[in-house]
Amino acid sequence: MKSVNTRKYCLSILCILIGLVIGLIRPPGELTVESMRYLGIFMTAVLLLILQLYPAPLVALFACIAFVAFHVCTFPEAFSAWSGDTMWTVILMMIFATGIAKTGLIDRIAYNIIKFFPATYTGMVVAIMATSTILSPIVPNSYSKCAVLGPFAASVAKANNIKKGSRAAAGLFCAFFVPAAIHTMAFLTGSAMTFVLIGMMGDGYAFSWTEWFVCCSPWFIVNLVLTFLFIQVYYKPKEKLNISKELIHQKIAELKPMSSDEKAAAGILAVSILLWITGSYTGLKAYTVAALAFCAMFLKGIFTMKDFQDMVPWGGLITLVASLLSISALLNVVGVNNWLASVAAPVIIRFIPNVYVFIILLCISTYLLRYLECTGLATLAIIAAIFLPIGAPLGIHPFITLFADYLAMLVWNLSFHNPYYLQAEAVVDGLITHKNVVSMSHAYMVIHILGLLASVPLWRYLGMC
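Numbering-wise, this note's numbering puts 889 at position 430 of the sequence shown, and it's gapless, one number per residue.
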């Protein structure tokens with residue numbers, strides 16, 4: 460233990476010294492003393508995250524404190540994201556998803572969709588993928604979707620003697636996991652992370668529900684189709700399986716009559732979705748709708764103060780997201796973004812001639828960094844800090860950079876890479892092992908890039924690149 464602590468402290472001191480050296484360098488070009496201090500603190504934080512010496516939320520929080528302590532910016536600037544609409548949209552979306560899931564409404568919707576599909580292996584794959592996809596814009600929380608569909612996939616496998624650890628079992632797992640954890644990002648209300656990405660774009664950028672989906676639609680279609688084909692080709696069992704529909708009818712029969720809370724949740728859900736979709740016409744922002752939904756749930760008793768304290772990850776995810784948003788916003792405040800763009804422009808024009816090369820380089824860089832850095836959101840911040848300034852001279856909209864970056868970050872080549880994967884694996888009762896499903900991650904790396912490249916013509920038409 461003593462040797463471990465000694466190593467930890469020595470590496471920490473080394474990271475700090477590297478940051479100090481960078482911070483004390485004479486500012487080149489348009490940079491200021493404050494800019495160099497920012498870069499020094501940023502580099503120290505990056506190294507600490509890569510080496511995993513301390514919890515990621517604490518490292519990000521300490522970086523914001525250091526910005527204030529070393530006079531890089533004011534306290535309100537360093538912690539601007541904590542009171543911003545992006546952060547509160549994330550919190551309210553988490554509360555919304557938790558409240559809906561708590562009533563059992565997601566289970567009822569899921570099983571009543573699945574019952575319409577044929578009782579074959581392909582039919583169950585299509586049913587699970589379709590259900591996961593339909594739930595995506597309804598439930599802005601991948602954990603909740605996995606928590607419902609994961610046990611169902613495991614039950615289907617058990618009822619039909621599909622062996623644990625088999626390819627057929629892995630196919631059922633991927634059928635719910637990939638749409639729930641990844642494809643859901645095609646919908647503005649599919650995940651709270653969509654609002655984090657919008658927040659990282661900076662002031663002046665906003666998307667309605669329809670605008671976001673339109674921008675994501677080519678990527679979404681390519682990913683949905685190719686994921687299904689990969690499952691069919693790689694995971695489908697050679698022998699014909701006759702899937703029993705008794706399990707589905709049993710699950711539906713086990714559902715209790717709709718309680719008053721569930722009926723209220725259904726009404727709140729329907730109204731919220733309508734208001735999100737029509738936001739560009741009504742003028743209601745996503746956070747306003749989420750706040751109204753929260754108030755309605757709280758007044759009905761669906762969501763309590765205890766839930767507010769226990770079910771919102773204040774100490775972990777919220778601290779990390781808020782701190783990383785602040786760190787990202789400060790790039791513009793201290794002028795680092797503009798300087799990087801001006802310095803990188805000649806190199807970009809020579810070696811990155813168009814958006815296609817840019818996308819491929821960004822995704823490969825993210826994939827490689829995931830092997831070094833285990834905190835996904837830190838990878839998002841690091842790649843964004845590098846590629847947002849590079850994309851500017853090419854006229855690439857921040858949406859493209861951040862969307863490509865975040866979705867590339869969600870690979871699960873190593874089991875701990877993707878937090879959604881860990882949760883999904885935990886709820887399927889040993890249905891799969893990481894070895895069974897890592898092939899889907901490798902395929903997704905290619906599928907993701909193909910989806911992005913297929914989106915370029917639309918993005919050009921929209922003036923985004």
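In this text, a Cβ means the ideal position worked out from N, Cα and C, and glycines have one as well.
All values reported here derive from a predicted model rather than from experimental measurement.
Asked: Classify Asp769 as buried or exposed, calling it buried when 16 or more other Cβ atoms lie within 10 Å of its own Cβ.; Found: exposed
Asked: Where do the ends of the alpha helix (DSSP H) carrying Val492 lie?; Found: Val492 to Leu510
Asked: Ignore the nearest five residues each way along the sequence and tell me which others in Phe679's own chain have a CB closer than 7 angstroms to its CB.; Found: His642 and Ala645
Asked: Can you tell me the Cα-Cα spacing of Trp671 and Leu647, whole angstroms?; Found: 6 angstroms
Asked: Taking just the CA atoms, how far does Gly794 sit from Thr548?; Found: 27 angstroms
Asked: Beta-carbon within less than 6 angstroms of Leu734's beta-carbon, same chain only, minus the 5 sequence neighbours each way: which residues are those?; Found: Leu743 and Val748
Asked: Please go through the same chain and pick out, in chain order, the residues whose beta-carbon is closer than 6 angstroms to the beta-carbon of Leu490, but skip the five residues on each side of it.; Found: Trp798
Asked: Between the Cα of Leu920 and the Cα atoms of Leu790, Pro805, Tyr497 and Val673, which residue gives the shortest distance?; Found: The sequence shown places Tyr at residue 920, rather than the Leu named in the question. Ranking Leu790, Pro805, Tyr497 and Val673 by Cα distance to Tyr920 puts Val673 first.
Asked: Can you have a look at Phe534 and say buried or exposed, based on whether 16 or more other CB atoms are within 10 angstroms of its CB?; Found: exposed
Asked: Among Phe817, Gly499 and Glu493, which residue has its Cα nearest to the Cα of Ile475?; Found: Gly499
Asked: Could you tell me how far apart the beta carbons of Tyr815 and Val915 are, in whole angstroms, since I believe they sit closer than 8 angstroms?; Found: 6 angstroms
Asked: For Pro848, count neighbouring Cβ atoms within 10 angstroms of its own Cβ and tell me buried if that reaches 16, exposed if not.; Found: buried
Asked: With burial defined as no fewer than 16 other Cβ atoms inside 10 Å of the residue's Cβ, what is the status of Ile597: buried or exposed?; Found: buried
Asked: Would you call Val792 buried or exposed, if buried means 16 or more other Cβ atoms sit within 10 Å of its Cβ?; Found: buried
Asked: Cutting at 7 angstroms between CB atoms, please list the residues of its own chain near Glu716, excluding the five before and the five after it.; Found: It should be pointed out that residue 716 corresponds to Pro in this sequence rather than to Glu. Cβ within range, chain order: n/a, list empty.
Asked: Using the rule of at least 16 other Cβ atoms within 10 Å of the residue's Cβ for burial, across every protein chain shown, is Lys604 buried or exposed?; Found: buried
Asked: Nearest-angstrom Cα distance between Ala843 and Leu861?; Found: 6 angstroms
Asked: Short check: CB of Ala723 to CB of Lys759, under 8 angstroms?; Found: yes
Asked: At the level of alpha carbons, what is the spacing between Phe529 and Met495?; Found: 11 angstroms
Asked: Hey, Ile554 and Phe753 are a contact pair by Cβ (cut 8 angstroms); roughly how many whole angstroms apart?; Found: 5 angstroms
Asked: Exposed or buried, which one is Thr741 when buried takes at least 16 other CB atoms within 10 Å?; Found: exposed
Asked: Am I right that Tyr879 and Ser601 are in contact with their C-beta atoms under 8 angstroms? What's the rounded C-beta distance?; Found: 5 angstroms
Asked: Can you tell me the Cβ-Cβ gap for Ala651 and Asn895, rounded? I've got them flagged as a contact below 8 angstroms.; Found: Actually they do not touch by this definition, with Cβ atoms about 29 angstroms apart.
Asked: Tell me the residue span of the alpha helix (DSSP H) that contains Lys759.; Found: Ala745 to Lys759
Asked: Identify which residue in Ile524, Gly663, Ala634 and Gly910 has its Cα closest to the Cα of Ile819.; Found: Gly910
Asked: Measure the beta-carbon distance from Phe689 to Ala902 and round it to whole angstroms, keeping in mind my assumption that it falls under 8 angstroms.; Found: 5 angstroms
Asked: Is there a Cβ from chain D that is less than 8 angstroms from the Cβ of Gly794?; Found: This model lacks chain D altogether, as it is built from one protein chain only.
Asked: I think Phe666 touches Met588, with their Cβ atoms under 8 angstroms apart; what is that distance to the nearest whole Å?; Found: Phe666 to Met588, Cβ: 25 angstroms. No contact.
Asked: Identify whether His856 lies in helix, strand or coil by the three-state DSSP scheme.; Found: coil
Asked: What do you get for Trp773, buried or exposed, if any count of 16 or more other CB atoms within 10 angstroms of its CB means buried?; Found: exposed
Asked: Give the range of the alpha helix (DSSP H) segment to which Ile572 is assigned.; Found: Leu564 to Ile573
Asked: Quick check on the burial criterion: 16 or more other C-beta atoms within 10 angstroms. Buried or exposed for Asn620?; Found: exposed
Asked: From what residue to what residue does the alpha helix (DSSP H) around Gly663 run?; Found: Neither: Gly663 is in no alpha helix (DSSP H) and is coded neither H nor E.
Asked: If you drop the 5 nearest sequence neighbours on each side, which residues of the same chain put their C-beta closer than 7 angstroms to that of Gly649?; Found: Ser595, Pro596, Pro599 and Thr643
Asked: Counting along the chain, where does the alpha helix (DSSP H) carrying Arg919 start and finish?; Found: His893 to Tyr920
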